[in-house]
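Protein chains in written order, with the working numbering: chain R, 94 to 457; chain W, 3 to 375; chain H, 174 to 361.
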Amino acid sequence: MAERGWLENWVNGIVQPLYEVAPWIVHLVPILWILILIVGSVLILIWAERKVSADIQSRVGPLHHGPYGLFQSIWDALKLLTKEDTIPKQADRLVFCVAPYIVFLPAILAYVVIPVGNGLIAADLNVGLWYLVAVGSIAVLGIIVAGWASNNKWSLLGGMRAAAQLITYEIPMFLSVVVIIMMAGTLSLDQIVRSQSGGSWSLAPPDAPFLNWNCFTLPGMIAAVLYLVAALAEVNRQPFDLPESESELVSGFNTEYSGMRFGIFFVAEFSNTALVSGIAATLFFGGWSSPIVSEGEGFWRIFGDGVLWYFVKITILIYCMMWVKWTLPRVRIDQMLQIAWKGLIPLALINIAIAVAHVAWVGA
Amino acid sequence: MATHGRKAPLHNEEMLINMGPQHPSTHGVLRLVLRLRGEMIESCRCVIGYLHRCHEYISERNGWIRSLPLTDRLDYLSPITCEWAMALAAERLAQVEVPERAEWLRVLSAELYRIASHLVFVGTFGNDLAAVTMFLHTFRERELIMDIFEKLTGQRMTCHYIRVGGVGWDLPAGLDREIRQALDVIESRLREYDDLFTNNRILRARTEGVAEISAERCRAYGASGPVARASGVDFDLRRDAPYGVYDRFDYRVILGNRGDCLDRFTCRMEEMRQSARICRQVLDGLPPGEIRTKLPARFKTPEGVAYGAVEGARGECGYFAIGDGTEAPYRLKIRSGGFSNLHLIEDILVGWKVADVVTILGSIDIVLGDIDR
Amino acid sequence: MAHVPPTRVSDNPIIAFFQYVWSAAYTTAKGLRVTGYNAMRRPRVTVCYPLEQLDISPRTRARHRLLTDEQGEPLCIACGQCQRTCPDHCVVVTRKKVTVTTPEGEEKQVNRPDTFTIDLARCMYCNLCAEACPVNCLHLTREFSYIEGDVRALTIDLDGLLRPEPLSEYELRQRETAQLAPGDGEEG
């Protein structure tokens with residue numbers, strides 16, 4: 094830190110005295126960072142979902158609030174906030190109120206271990222991947238609880254479907270992640286990203302900018318596809334949006350929700366979408382590592398490793414998820430279970446065998 | 003099996019659930035009372051009548067000419083069907099001669115609206131299966147036909163085009179070219195639908211072998227239209243009881259063989275192509291001449307009985323009328339295809355899952371305005 | 174026969190498994206191609222309605238209008254045909270006798286409407302009244318947008334029928350943006 098910019102000085106001028114009074118202030122920084130990340134990405138995602146669907150369906154989409162309707166989601170949030178918040182008479186009040194926050198929780202918790210940029214990670218846990226898998230399944234719990242507490246038959250059916258979905262899709266998801274653990278030899282997400290920027294175990298030359306990503310190995314490629322399919326089910330997006338399934342179960346688990354509680358379900362869906370694509374980017378597509386140059390000179394510096402590439406990658410992944418959503422019809426509950434048990438899990442097990450061979454052959 | 007009037011004891015494992023009248027996938031105000039065990043359907047009962055508007059009685063009061071525009075409100079997705087059936091009943095009763103050109107224009111409008119109605123079916127079927135893009139794509143193509151009808155009749159849906167003794171308006175200049183272009187676009191988009199939806203693996207899994215209806219059951223319930231034809235019942239009023247000038251066109255009656263949801267879907271997809279063929283033949287050979295027989299100011303039907311039935315987009319639409327020498331029919335009874343088709347569902351739903359309800363109901367393609375009248 | 178052949182899979186479960194995987198991937202890719210192609214397709218089909226409007230067909234049947242002669246007098250002879258033929262009973266005409274001077278200079282007693290009201294809220298725009306009119310005076314114009322806060326205001330009287338200009342400020346703004354010609358019904 095030879096020379097400090099004026100901004101840094103200015104920030105220090107405020108933070109330094111605060112830090113002396115309350116040392117715990119440093120812990121607020123990552124929390125703020127995560128909240129800004131989530132809220133910002135959700136607001137953009139809601140807009141993007143509308144624009145993408147409008148594109149595919151030959152429509153125009155939101156147009157009037159801000160450039161290209163970019164502020165539409167803010168107005169939506171304001172509208173939801175001002176709506177009457179109703180709780181059904183027969184509902185289990187406490188559980189009913191808590192459920193949306195349980196769905197929202199994993200997104201906040203999981204961002205803690207995701208490396209957004211080089212060193213930009215709230216806490217680099219050495220069991221980061223275990224932690225991710227563990228907190229990732231909390232969201233479905235919230236959906237089950239919401240379906241049960243609403244005391245509505247449609248909601249109950251939605252909740253039960255969510256339970257089946259949870260049990261089923263956790264397995265292929267984790268089995269595909271296991272492959273990455275085997276190849277990277279670590280559970281820390283930061284280490285996994287670093288191993289992809291010039292690792293020693295891959296076929297590619299170590300200085301190639303992107304050929305070292307996990308998705309360019311055979312087991313990694315299969316695992317990426319399996320993970321993304323399972324992730325669609327994990328975040329209840331089409332073709333696996335069975336707990337919600339608007340045309341069958343009215344609105345599924347959130348039938349009885351209104352106002353901002355409904356809004357939080359909405360926010361949670363999108364933040365979970367951002368989360369799973371963030372995990373996919375980290376595990377399979379090299380996280381924040383750049384596909385062009387790792388350490389650029391001059392102008393190329395901004396295209397080097399860093400936050401930019403993380404966001405570019407999750408943008409592409411989320412676009413693909415939306416593209417799939419607006420293309421495919423929904424599967425039936427038994428077919429959804431069949432796809433997992435008869436399709437994804439056998440493929441994932443075969444993939445683990447391939448990964449063993451890969452590690453034994455290349456990683457030696 | 004369905005439990006008509008039989009009180010079944012309610013076990014605690016069973017769930018009695020009301021699907022509709024407010025439900026996104028019941029295509030209007032249909033109510034299905036389902037008994038579920040888990041997600042499996044044990045029995046189903048249809049409750050209809052939420053959209054009953056006394057059309058038959060109003061017609062008996064208002065008279066032929068003045069109740070013809072009301073028929074547009076019955077089957078609002080293919081209004082030409084009901085208009086034609088009512089006009090046909092009146093013409094058969096009073097023995098009104100319809101000019102040649104009017105007959106051809108009737109065929110043209112009916113086939114165009116058959117395409118529009120089937121497009122709505124394809125779209126709503128996609129919407130029921132959560133392929134929302136299909137819904138908006140088909141409505142985009144339907145808009146071409148709506149535009150044609152706006153130019154032809156002045157209204158898009160409640161067109162009031164077919165009148166007793168002819169049609170309301172002649173083709174405006176340049177519209178035939180526009181219709182040809184629209185048909186070309188629609189046919190090319192139908193191939194797109196095949197790629198996007200018909201051949202999709204998930205759609206196949208959702209529809210293949212689901213709710214197969216046998217030809218015997220179709221006949222027993224009096225089902226008609228694409229629902230019956232998908233089950234292999236070779237029955238099409240256009241060919242079997244020709245009305246208008248349908249005997250002069252070259253087209254194929256589309257039949258399915260298994261009678262499952264996929265057959266009902268693909269039958270309609272193919273019927274659209276056949277309808278486009280008929281439309282092109284009409285445009286090629288449209289004869290010149292009058293479009294409307296001059297009727298007396300107070301059009302009266304003699305005493306007698308007449309039945310006018312046309313092949314609508316959802317089956318046989320028939321108007322049975324008894325004339326008594328006045329301006330109005332003494333008694334009018336409407337037979338709508340959707341009514342007979344809908345009641346198949348009480349039988350065929352049993353044993354399928356909640357998610358299949360919307361597939362099966364969507365594949366039958368009901369319009370509650372037509373059923374409740 | 175139905176157009177699309179049924180899905181066929183092998184009897185061997187292993188082969189059938191990979192056939193299913195392949196067909197799922199292949200048909201999904203085909204669907205993605207269609208939606209991707211549609212995402213590129215320009216222009217969009219929808220228009221931003223209040224700001225831009227599509228052309229309206231000249232045959233569009235909307236708000237009614239009575240044609241007038243050069244002096245601004247309605248051509249209507251108050252025969253009541255429209256009232257008799259209306260299925261919704263929304264037309265009410267009463268008659269009065271007026272004396273007019275013909276171009277030849279002689280005075281003549283003719284029937285003219287004293288009151289002429291049409292309840293637009295009940296009307297279903299079937300065009301039967303316009304077709305019944307023996308002097309081709311009553312027309313349905315292209316003016317389709319008339320928004321009122323009170324349903325009673327939708328009952329238009331003789332003044333409203335003779336003066337088809339938009340009544341509310343909202344409609345004036347609409348017409349400016351739409352560049353819509355004043356409603357002219359179809360002849361005949």
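The beta-carbon is built from N, C-alpha and C at its ideal position, and this holds for glycine as well.
CA nearest to the CA of residue i, picked from the options
i	options	result
V360 of chain R	R:K435, R:A324, R:L136 and R:Q258	R:L136
T209 of chain W	W:E105, W:Q283, W:Y321 and W:R266	W:R266
D169 of chain R	R:A256, R:G352, R:A242 and R:N347	R:G352
A225 of chain W	W:E143, W:H120, W:S342 and W:F199	W:S342
D286 of chain W	W:D252, W:T155, W:E93 and W:G22	W:D252
V229 of chain W	W:G167, W:G339, W:E348 and W:C84	W:G339
W306 of chain R	R:N347, R:P384 and R:A242	R:P384
G154 of chain R	H:Q282, H:R217 and H:D332	H:R217
Q258 of chain R	R:I445, R:R425, R:L440 and R:V455	R:R425
Short Cβ contact (7 Å threshold) for residue i with residue j
i	j	result
A217 of chain W	G234 of chain W	yes
L173 of chain W	G306 of chain W	no
A323 of chain R	Y262 of chain R	yes
G252 of chain R	G240 of chain R	yes
Y320 of chain R	A373 of chain R	yes
Q331 of chain R	A132 of chain W	yes
T328 of chain H	D292 of chain H	yes
L53 of chain W	V35 of chain W	no
G356 of chain R	L130 of chain R	no
F123 of chain W	D367 of chain W	yes
A278 of chain W	E189 of chain W	yes
I350 of chain W	R375 of chain W	no
G246 of chain W	E105 of chain W	yes
L239 of chain H	C255 of chain H	no
A91 of chain W	Y321 of chain W	yes
T274 of chain H	E280 of chain H	yes
Straight-line Cα distance separating residue j from residue i
i	j	result
R152 of chain R	G379 of chain R	35 Å
E41 of chain W	A433 of chain R	19 Å
T361 of chain W	P81 of chain W	25 Å
F404 of chain R	I315 of chain R	23 Å
R165 of chain W	L70 of chain W	7 Å
I320 of chain H	K182 of chain R	39 Å
I67 of chain W	N202 of chain W	48 Å
S134 of chain R	P208 of chain R	16 Å
P244 of chain W	C319 of chain W	14 Å
S281 of chain R	L218 of chain R	6 Å
V328 of chain R	R240 of chain W	50 Å
Y163 of chain W	A299 of chain W	19 Å
M3 of chain W	I324 of chain W	A caution first: M3 of chain W carries a pLDDT of 41, below 50, which makes its placement in the model unreliable, though a value can still be read off. C-alpha separation (whole angstroms): 38 Å.
K203 of chain H	D197 of chain W	6 Å
I167 of chain R	R260 of chain W	51 Å
G212 of chain R	D283 of chain R	8 Å
V264 of chain H	I50 of chain W	34 Å
T208 of chain H	L121 of chain W	18 Å
L76 of chain W	C84 of chain W	7 Å
C220 of chain W	L344 of chain W	11 Å
D184 of chain H	S230 of chain R	38 Å
Environment of residue i [buried if 16+ CB atoms lie within 10 Å]
i	result
A294 of chain H	exposed
R186 of chain R	exposed
E313 of chain W	buried
S45 of chain W	buried
C221 of chain H	exposed
G371 of chain R	buried
C259 of chain H	buried
K153 of chain W	buried
W99 of chain R	exposed
S295 of chain R	Residue confidence is low: S295 of chain R scores 46 on pLDDT, short of 50, so the model does not pin down where it sits. Its coordinate-derived value is still stated next. Classification for S295 of chain R: buried.
W416 of chain R	buried
Whole-number beta carbon distance between residue j and residue i, since they are thought to touch under 8 Å
i	j	result
V212 of chain W	D358 of chain W	6 Å
W419 of chain R	S146 of chain R	5 Å
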